[in-house]
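S.K.: Pasting in a structure now, in structure tokens, and then I'll have a few things to ask.
There are 6 protein chains.
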Amino acid sequence: MKILIINPNSDPAMTAAIQKTAETFAAGDFEVITEATPGAPPFIETYEDAARAAPGMADLVRLHECDCDAIVVACHCDPNLDLMKEITSKPVVGIGEASMKLATMLGHRFSVISVADRSIPNKEALVRAYHLEGSLASVRATNAGSGAWGAEAPYLEAARKALQEDMAEVIVLGCAGATGLDRALQAALHVPVLDGVICALIIASGLARYGVATSKARRYCPK
Amino acid sequence: MKILIINPNSDPAMTAAIQKTAETFAAGDFEVITEATPGAPPFIETYEDAARAAPGMADLVRLHECDCDAIVVACHCDPNLDLMKEITSKPVVGIGEASMKLATMLGHRFSVISVADRSIPNKEALVRAYHLEGSLASVRATNAGSGAWGAEAPYLEAARKALQEDMAEVIVLGCAGATGLDRALQAALHVPVLDGVICALIIASGLARYGVATSKARRYCPK
Amino acid sequence: MKILIINPNSDPAMTAAIQKTAETFAAGDFEVITEATPGAPPFIETYEDAARAAPGMADLVRLHECDCDAIVVACHCDPNLDLMKEITSKPVVGIGEASMKLATMLGHRFSVISVADRSIPNKEALVRAYHLEGSLASVRATNAGSGAWGAEAPYLEAARKALQEDMAEVIVLGCAGATGLDRALQAALHVPVLDGVICALIIASGLARYGVATSKARRYCPK
Amino acid sequence: MKILIINPNSDPAMTAAIQKTAETFAAGDFEVITEATPGAPPFIETYEDAARAAPGMADLVRLHECDCDAIVVACHCDPNLDLMKEITSKPVVGIGEASMKLATMLGHRFSVISVADRSIPNKEALVRAYHLEGSLASVRATNAGSGAWGAEAPYLEAARKALQEDMAEVIVLGCAGATGLDRALQAALHVPVLDGVICALIIASGLARYGVATSKARRYCPK
Amino acid sequence: MKILIINPNSDPAMTAAIQKTAETFAAGDFEVITEATPGAPPFIETYEDAARAAPGMADLVRLHECDCDAIVVACHCDPNLDLMKEITSKPVVGIGEASMKLATMLGHRFSVISVADRSIPNKEALVRAYHLEGSLASVRATNAGSGAWGAEAPYLEAARKALQEDMAEVIVLGCAGATGLDRALQAALHVPVLDGVICALIIASGLARYGVATSKARRYCPK
Amino acid sequence: MKILIINPNSDPAMTAAIQKTAETFAAGDFEVITEATPGAPPFIETYEDAARAAPGMADLVRLHECDCDAIVVACHCDPNLDLMKEITSKPVVGIGEASMKLATMLGHRFSVISVADRSIPNKEALVRAYHLEGSLASVRATNAGSGAWGAEAPYLEAARKALQEDMAEVIVLGCAGATGLDRALQAALHVPVLDGVICALIIASGLARYGVATSKARRYCPK
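Residue numbers (the numbering used here), protein chains in the order written: chain A, 148 to 370; chain B, 148 to 370; chain C, 148 to 370; chain D, 148 to 370; chain E, 148 to 370; chain F, 148 to 370.
What follows is the structure in structure tokens.
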């Protein structure tokens with residue numbers, strides 16, 4: 148089994164971090180290959196960033212879909228996920244969708260720890276699109292700056308507030324760039340801390356093993 | 148006052164029909180200019196169609212924003228509307244959003260008459276994004292084929308069923324291509340029948356006159 | 148075009164303030180006439196105030212409907228709005244409904260700034276009746292007293308808290324008496340600040356120009 | 148204990164029918180007195196009917212509140228119920244609210260059987276105001292005409308459809324005029340069939356015995 | 148009339164306190180008998196506590212249903228209430244359901260004062276199961292320890308915060324053990340403070356008098 | 148890795164069918180062991196059936212938790228799932244929860260095909276508890292009788308109606324007894340047809356591999 152992981156941005160360091168997390172989780176039982184998106188901006192923050200990533204993401208799907216079994220979109224705002232589900236017959240899993248839906252199976256409510264205040268409304272809109280408002284404790288931002296997406300301390304502080312003030316029981320890392328922080332945070336917080344890349348690999352590898360993919364009945368039917 | 152109407156597809160006939168409706172409504176009190184989107188497909192049906200329209204739509208905004216007072220996006224699925232709201236300081240109004248929100252002011256529930264069954268889930272997702280589920284009676288499709296987007300009879304039949312079987316009180320035309328059918332349908336049905344282009348012009352011209360535009364607080368703030 | 152604005156209370160100062168805002172917005176392009184409600188209390192705070200305003204409001208509608216093109220109800224709690232929509236074939240727009248629904252087109256969430264704590268539950272009930280809970284950031288009260296409905300400072304303070312603490316992106320002035328404060332507040336806050344009177348005029352004049360009015364299918368059908 | 152039952156309309160026959168049901172249920176354990184509303188129309192169908200009933204209903208409350216222990220509003224659309232709750236310190240119970248909330252304790256979903264199609268949207272709006280959408284199976288109308296509000300057959304037919312087609316498990320009689328039909332319908336349908344007058348008496352007499360009434364914290368605080 | 152009150156735990160002191168409250172309310176007009184549950188834990192806090200109480204509760208129902216007219220389940224988390232409704236043809240009322248639904252008839256929003264933080268999510272899940280989220284101001288915990296379930300001061304402090312900070316208008320005592328505190332709290336707080344035992348008796352005695360019980364249409368039909 | 152599958156009923160044939168499906172999916176990559184529940188009824192239909200299964204299910208968890216890595220509850224009504232999550236530190240996955248949440252990632256709306264009409268309300272209550280109402284197209288019953296839980300034709304007919312009349316895009320098999328039907332149904336229907344046992348194994352094995360389990364913060368914390 149081979150899983151294609153699309154990093155919707157073009158940052159090589161984040162691509163490498165995602166690949167490292169994925170390889171560690173796969174542990175040789177299945178193949179993972181992470182691709183940065185050609186033509187995409189180095190970080191996906193705005194609607195325009197997402198739109199700019201779309202053509203390269205579609206190209207990656209079409210280039211690789213014949214020799215992969217499932218596709219993961221590895222940006223926590225799930226940019227262009229509907230498009231990805233539409234254009235391929237392989238299962239497609241977003242790390243935002245996978246991590247937040249798994250979170251609902253592990254505790255009463257979850258909080259998402261995002262990078263910046265400005266992303267909170269967009270995350271709330273995503274939560275609504277997935278019908279998850281009722282399971283959301285809060286979206287909190289570290290506001291540590293996009294350059295510091297891998298730093299542990301701001302995530303720890305925001306997560307503690309989510310657990311104590313917002314009644315969260317599960318923490319979701321709200322940026323692919325936070326990949327790798329889950330273990331240390333979980334050890335400190337004593338609740339599940341979910342890395343979206345791993346959550347998406349759980350679902351994607353499971354669907355591929357099962358042999359089911361996106362329904363083409365109506366919503367995701369290409370022309 | 149001048150309002151730019153972006154037709155997200157590239158079809159000249161639909162562009163002309165939209166312009167005609169807009170000019171008739173404006174009646175010389177404000178200027179309207181409808182532009183087809185360069186590089187877009189001739190009809191927007193799929194997520195890929197919408198993604199393909201995005202670069203040309205952004206180009207149109209940037210080309211015209213200095214000399215227009217408001218922008219209308221004239222496809223009823225409101226493709227790339229969040230992107231449009233983000234990249235300009237001028238007010239931006241989608242014909243889907245405007246027509247469905249005005250419909251809630253005119254009766255208990257509204258039905259949207261769409262072109263094809265396959266678009267129903269997407270319209271439902273849009274309705275949810277706008278928090279309008281509670282005001283929706285139904286989405287019904289004419290299934291008359293995308294080539295027949297200007298024919299009256301299939302709309303009339305679907306609208307009658309919406310009024311009688313789904314308890315709709317207001318009808319929303321769910322395709323920019325249906326522009327111009329509102330008068331005849333309203334005369335036959337005796338309830339408000341809303342053309343999205345006109346609804347969007349009402350809001351867009353009003354906001355321009357008022358001097359307010361999209362909040363740049365967080366969600367629609369460009370980088 | 149002529150628009151009748153019903154001030155549901157009987158206060159001449161507030162009536163004059165509403166008329167001034169309306170005239171400024173209309174700028175001679177359409178006629179506006181604001182009428183205080185005979186027999187109504189000087190300020191609408193309670194359910195009993197609203198009930199006491201009903202007969203006079205209905206009288207105003209019947210007196211003026213033949214020579215006006217649309218009707219605006221200019222109290223932000225939209226008293227007797229369903230009744231107004233039922234008894235006339237002209238379009239009827241409440242300043243609460245218009246301002247809150249326009250707010251949803253201008254940003255992720257809006258806050259309403261009301262006069263008194265006691266009005267917060269009633270405003271929440273109105274927000275629910277309009278299916279707007281999902282777009283509401285908060286209702287905050289200035290608690291400056293009903294006599295001080297035109298003072299700017301308490302609105303500014305409450306709005307700042309709404310933007311910073313409640314994640315609002317748009318501010319709605321929750322009392323017709325606050326009419327005229329929008330410009331100064333918007334200049335200070337850098338987000339849209341909506342005056343309900345103007346919002347209702349946008350919709351009412353647009354519907355009148357379009358030639359559509361309340362559906363008489365069922366909910367608003369008079370006997 | 149004495150309970151005032153306000154019939155919001157002025158029809159003596161319906162007033163007598165309500166009184167009869169109430170007396171039978173009270174069985175001498177508490178006193179009931181049903182008053183028709185002076186100045187109200189003979190049947191409450193429209194928003195205007197409800198507005199016309201308001202002054203007389205308020206007068207009845209003020210006339211009787213000193214010598215009664217609780218007040219029931221006996222029209223299933225609960226006209227002016229917020230006003231009634233506001234103006235008196237005695238507990239006030241609407242037959243719509245009481246019957247629909249008790250119904251949620253007796254089965255998975257309930258259906259309301261109303262008199263006419265035109266009342267369905269208003270009943271839905273009431274259901275929403277009470278946060279009961281999730282427990283509602285359907286609102287069905289007998290369409291037997293307002294003159295035939297006491298006939299059994301149309302209720303039976305509509306209720307059967309609600310049970311079989313809409314998955315209702317409890318039937319709520321949606322008009323005070325249907326009082327007295329509950330026993331026969333329940334015998335035929337083998338599910339609970341709720342008469343609003345009795346449901347309201349259960350709650351009103353219980354609250355009076357308990358000694359609690361409407362909170363005057365904010366929403367229902369008179370000036 | 149005779150009402151069986153099942154205390155789902157096995158604590159004799161709490162059983163006696165419940166019986167005392169019930170007898171005082173019944174005032175000799177109907178008979179009440181409170182039974183502790185054989186085999187149940189002394190306090191119901193966890194899902195396992197609830198499961199352990201189920202067999203004894205079912206036994207109590209079967210032992211007493213022939214000679215009682217209605218059954219009350221007197222633990223505010225309503226443990227095994229669906230089971231109770233299923234296995235008997237007598238009306239069954241939970242004190243959680245009864246108190247929270249009555250609260251919605253007495254003010255805009257209610258707060259539940261629970262014993263411990265750990266019970267807040269479970270109470271929220273119960274509130275959701277009853278479709279009451281929209282009427283809930285907050286769940287607050289006294290955190291006074293399960294041994295101190297009858298102490299007044301922590302309830303008073305939590306209730307004051309609920310009224311002032313969460314905009315509650317009605318207080319619901321969230322533990323059967325708090326029975327008897329309602330009068331003193333209501334005198335201090337000047338809003339309705341609801342004891343679940345009394346609320347359930349209001350509904351249970353009313354349903355018994357009316358002669359209606361749980362629908363056996365589908366959800367609560369035994370095999 | 149070893150996964151314990153608890154069949155909440157005591158039927159050996161269904162236990163064997165579940166084990167067969169699980170073994171086929173695991174394909175030797177992880178160990179699966181399905182245990183029937185001692186003391187449970189042969190089929191779980193009622194709330195009493197579920198209550199009767201609870202002690203045996205808890206015993207199975209405690210007997211096996213030391214030598215298994217995750218636990219699956221293999222009845223589609225997820226009986227006693229909250230209890231299971233509370234009493235063990237191993238991840239616990241219900242086949243109802245897993246299949247319905249995976250379904251939301253594969254299409255716009257899903258339908259559940261259940262065994263009997265009487266189970267529809269209970270399934271709807273489960274869907275609500277999981278916040279999945281917005282993704283549900285319908286619950287349909289085969290009504291083929293509980294003895295015929297493995298027959299294909301009634302599932303096919305109900306699923307076709309769900310796809311055509313209810314706009315479902317994904318089918319969820321609503322009974323563990325239907326295990327093994329997914330392939331044939333999927334081949335006939337051309338949309339994803341989900342077997343809950345496999346869906347739960349995907350999640351359970353993934354969580355075990357990841358090393359995360361139920362949060363013990365509050366809701367699922369044992370005493």
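All residues carry an ideal CB built from backbone N, CA and C; glycine is no exception.
For the putative contact between Lys237(C) and Asp264(C), defined by C-beta atoms under 8 Å, what is the C-beta separation to the nearest angstrom?
M.R.: In fact, because the Cβ distance is near 36 Å, the residues do not count as touching under 8 Å.
S.K.: With 8 Å set as the bound, which would you pick, yes or no: does the beta-carbon of Val274(C) sit closer than that to a beta-carbon of chain B?
M.R.: No, its Cβ sits nowhere closer than 8 Å to a Cβ of chain B.
S.K.: What span of residues does the beta strand (DSSP E) with Ile150(A) cover, start to end?
M.R.: Lys149 to Asn154 is the span of the beta strand (DSSP E), which, as asked, contains Ile150(A).
S.K.: Confirm, please, whether the CB-CB distance from His223(A) to Gly243(A) is below 8 Å.
M.R.: Yes; because the gap between Cβ atoms is below 8 Å, this pair is in contact.
S.K.: Would you call Arg356(C) buried or exposed, if buried means 16 or more other Cβ atoms sit within 10 Å of its Cβ?
M.R.: Buried: at least 16 other Cβ atoms inside 10 Å.
S.K.: With H, G and I counted as helix, E and B as strand and the rest as coil, what does DSSP make of Glu195(E)?
M.R.: It is helical.
S.K.: Grab the span of the beta strand (DSSP E) containing Val274(E) for me, first residue to last.
M.R.: Here Val274(E) belongs to no beta strand (DSSP E); instead the alpha helix (DSSP H) covers Ile267 to Ala276.
S.K.: Tell me Ile180(F)'s beta-bridge partners as DSSP assigns them.
M.R.: Its beta-bridge partners are Leu151(F).
S.K.: Are three or more beta carbon pairs between the region 176–195 of chain F and the region 186–200 of chain E nearer than 8 Å?
M.R.: As far as the Cβ criterion goes, the region 176–195 of chain F does not touch the region 186–200 of chain E, which means the pair count is below three.
S.K.: Arg287(F) bridges to which residues according to DSSP?
M.R.: Partner(s): Ile260(F).
S.K.: Taking Ser362(F) as the query, report the chain A residues whose CB atoms sit under 7 Å from its CB, ordered along the chain.
M.R.: The contacting residues are Leu253, Gly254, Glu316, Val317, Val338 and Pro339.
S.K.: Evaluate the contact criterion for the region 343–353 of chain E versus the region 170–183 of chain E: three or more CB pairs, one atom per stretch, below 8 Å.
M.R.: Enough Cβ pairs lie closer than 8 Å, so yes.
S.K.: Find out if the Cβ-Cβ distance for the pair Lys149(D), Glu182(D) is shorter than 8 Å.
M.R.: No, these two residues do not count as a Cβ contact at 8 Å.
S.K.: Rounded to whole angstroms, what is the Cα-Cα separation between Val359(D) and His337(E)?
M.R.: Going from the Cα of Val359(D) to the Cα of His337(E) covers about 11 Å.
S.K.: Let me know if Lys370(A) comes out buried or exposed under the rule of 16 or more other beta-carbons within 10 Å of its beta-carbon.
M.R.: Exposed: under 16 other Cβ atoms inside 10 Å.
S.K.: So with Cβ pairs under 8 Å, would you call Ser282(E) a contact of chain D?
M.R.: It does; some Cβ of chain D falls within 8 Å.
S.K.: Compare the C-alpha of Pro185(C) against each of Ala309(C), Leu207(C), Gly241(C) and Asp214(C) and name the closest.
M.R.: Nearest option by C-alpha distance: Leu207(C).
S.K.: Mind pulling the beta strand (DSSP E) runs of 3 or more residues that sit fully within the region 306–344 of chain D?
M.R.: Counting only runs of 3 or more, we get 317–320.
S.K.: Can you pull the chain E neighbours of His223(D), defined as C-beta to C-beta under 7 Å?
M.R.: The contacting residues do not exist; His223(D) stays about 15 Å from chain E at best.
S.K.: Consider the Cβ of Thr235(A): report whether some Cβ of chain B lies at a distance smaller than 8 Å.
M.R.: Answer no: the Cβ-Cβ gap between Thr235(A) and chain B never drops below 8 Å.
S.K.: Exposed or buried, which one is Arg141(C) when buried takes at least 16 other CB atoms within 10 Å?
M.R.: The structure shown does not extend to residue 141(C), since chain C is modelled only from 148 to 370, so the question has no answer here.
S.K.: Is it true that the CB of Ala284(F) sits closer than 8 Å to the CB of Ser258(F)?
M.R.: Their beta carbons are under 8 Å apart, which means Ser258(F) touches Ala284(F) by this criterion.
S.K.: For Arg209(A), is the classification buried or exposed, using 16 other Cβ atoms within 10 angstroms of its Cβ as the cut-off for buried?
M.R.: Under this definition Arg209(A) is an exposed residue.
S.K.: The alpha helix (DSSP H) with Gly243(B) in it runs from where to where?
M.R.: Gly243(B) -> alpha helix (DSSP H) spans Ile242 to Ala250.
S.K.: By the criterion of Cβ-Cβ separation under 9 Å, what are the contact partners of His278(D) in chain E?
M.R.: Going along chain E in sequence order, the residues near His278(D) (Cβ under 9 Å) are Thr251, His278, Leu279, Glu280, Gly281 and Ser282.
S.K.: Under the DSSP definition of a beta bridge, which residues are partnered with Val219(C)?
M.R.: Paired residue(s): Ile152(C) and Val240(C).
S.K.: Let me see if you follow: with CB-CB separation under 8 Å, is Pro226(E) close to chain A or not?
M.R.: Pro226(E) does not count as touching chain A.
S.K.: For Val359(A), which three-state DSSP category applies?
M.R.: Coil, per DSSP.
S.K.: Can you tell me the Cα-Cα spacing of Ser362(D) and Gly281(E), whole angstroms?
M.R.: One C-alpha to the other measures close to 17 Å.
S.K.: Going by C-alpha distance, which of Gly175(D), Val219(D), Tyr277(D) and Asn227(D) is nearest Ala187(D)?
M.R.: Among Gly175(D), Val219(D), Tyr277(D) and Asn227(D), the Cα nearest to that of Ala187(D) belongs to Asn227(D).
S.K.: Confirm, please, whether the CB-CB distance from Glu299(B) to Ala351(B) is below 8 Å.
M.R.: Taking 8 Å as the Cβ cut-off, Ala351(B) and Glu299(B) do not qualify as a contacting pair.
S.K.: With DSSP as the reference, label Cys368(D) as helix, strand or coil.
M.R.: Coil.
S.K.: Using 8 Å as the limit for Cβ to Cβ distance, is Pro268(C) near chain E?
M.R.: Pro268(C) counts as touching chain E.
S.K.: Go to Phe172(B), then tell me how far its alpha helix (DSSP H) extends in each direction, as first and last residue.
M.R.: Counting along the chain, the alpha helix (DSSP H) containing Phe172(B) begins and ends at Pro159 to Ala173.
S.K.: Tell whether a beta-carbon distance below 8 Å holds between Gly241(F) and Val220(F).
M.R.: Closer than 8 Å, so yes.
S.K.: Hey, could you find the ends of the alpha helix (DSSP H) Leu230(E) is sitting in?
M.R.: Per DSSP, Leu230(E) belongs to the alpha helix (DSSP H) from Leu228 to Ile234.
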